[in-house]
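Following our numbering, the numbering of the sequence shown begins with 619 at its first residue and continues without gaps.
Here is the structure we will look at, set down as structure tokens.
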Amino acid sequence: MAITMAWTRRWLARLAAVTATPVGREQDGLAPRGGDAHLDKSWGELFQELRDAREAWQRHPLARRLVGLTTAYVVGNGISLTSDDPALRAFIAAFWEQNRMVQRVDEWCDELARSGELFPVLFTHPVSGMSSVRVVPAARIERVECDPEDYEQELRYWETPRLGEPPRAWAGPAGAPPPTTPLMLHYAVNRPLGALRGESDLAPILPWLRRYARWLEDRVRLNAAMRAFLWIVHAPPRLRPVLEERYRTPPEAGSVIIADQDTETWQAVTPNLHAADAEKDGRAIRWMIVAGGPGTAL
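Shown next as structure tokens:
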């Protein structure tokens, strides 16, 4: 019995043995995995959405107002940086002035709301160490390459090449490029957990903006049609050739026509537009836009 108990204890000890696994390696159970590809839209869908959002901002007053309200809330009267260290404070002031950040902050905030992403590039001067900032439109960044084990470590950004040019890869911060190599940064909003690309603030309401624009255009056309009318003249068959020749050109507004009672009868036909019937429809569409807009009220 004693031999049996000793053997059982050794067997249980082997089952409970723990083997140390280096942290950060595959199958360690701790390293965050790469972003799921299915969470990001395809490049074709994303590119079309970015184009639609830009076009809506350019042409639709409500879309521009939504983006403007977001920028007004985020930027307000402006953004400034400072430091207690005199050298760093001087560097910040020089960087801010050289890159005209006072004007660019509003533009970048508009782009972040409009496209959902911002791709600034830092070009560092090898002698002075000062960086110049330029922004590549999100519609030109076809792919974001990240560490397979950690999707938050972005290595490279692939820009769609122009006709006849090879693909261009911008170095990301996780790639640790040399100081003189242009460095691209990536800021995204409305990004699902595990995804790499952001999404425009306008994306959920683009279909409703299009419907509302078409609805308003139809209402304008109908109201314009109300100012026009069609004359229907009732006359005996024997007078038809004479009346057709006489009224080949319609009478001008304010004209007075005197006719015998048994010869011709005039009737004006105009569109019958019941504006009140569409009032609730228009309000419902507006509230649908408000529900998807970034903190707006119409």
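Ideal Cβ placement from N, Cα and C applies to all residues, glycine included.
| Query | Result |
| --- | --- |
| Closest residue to L664 among D765, L811, W826, R732 (Cα-Cα distance) | R732 |
| Element boundaries [alpha helix (DSSP H), containing S733] | 719 to 733 |
| Alpha carbon of K659 to alpha carbon of L740, nearest angstrom | 27 Å |
| Backbone CA spacing between E767 and P791 [nearest angstrom] | 16 Å |
| P584 in three-state terms, based on DSSP | The first residue shown for the chain is 619 and the last is 916, placing residue 584 beyond what the model contains. |
| Reduced DSSP secondary structure (H/G/I, E/B, other) of R837 | helix |
| Start and end residues, alpha helix (DSSP H) containing D658 | That residue, D658, is in no alpha helix (DSSP H); it is neither H nor E in DSSP. |
| Unbroken beta strand (DSSP E) run spanning A853, endpoints | A853 -> no beta strand (DSSP E), and no H or E assigned at all. |
| Collapsed DSSP secondary structure at A806 in the structure displayed | strand |
| Beta-carbon proximity check, I759 vs E777, cutoff 8 Å | yes |
| Buried/exposed call for V762, threshold 16 Cβ in 10 Å | buried |
| Identity of the residue in R866, R839, E770, V692 nearest V851 by Cα | R866 |
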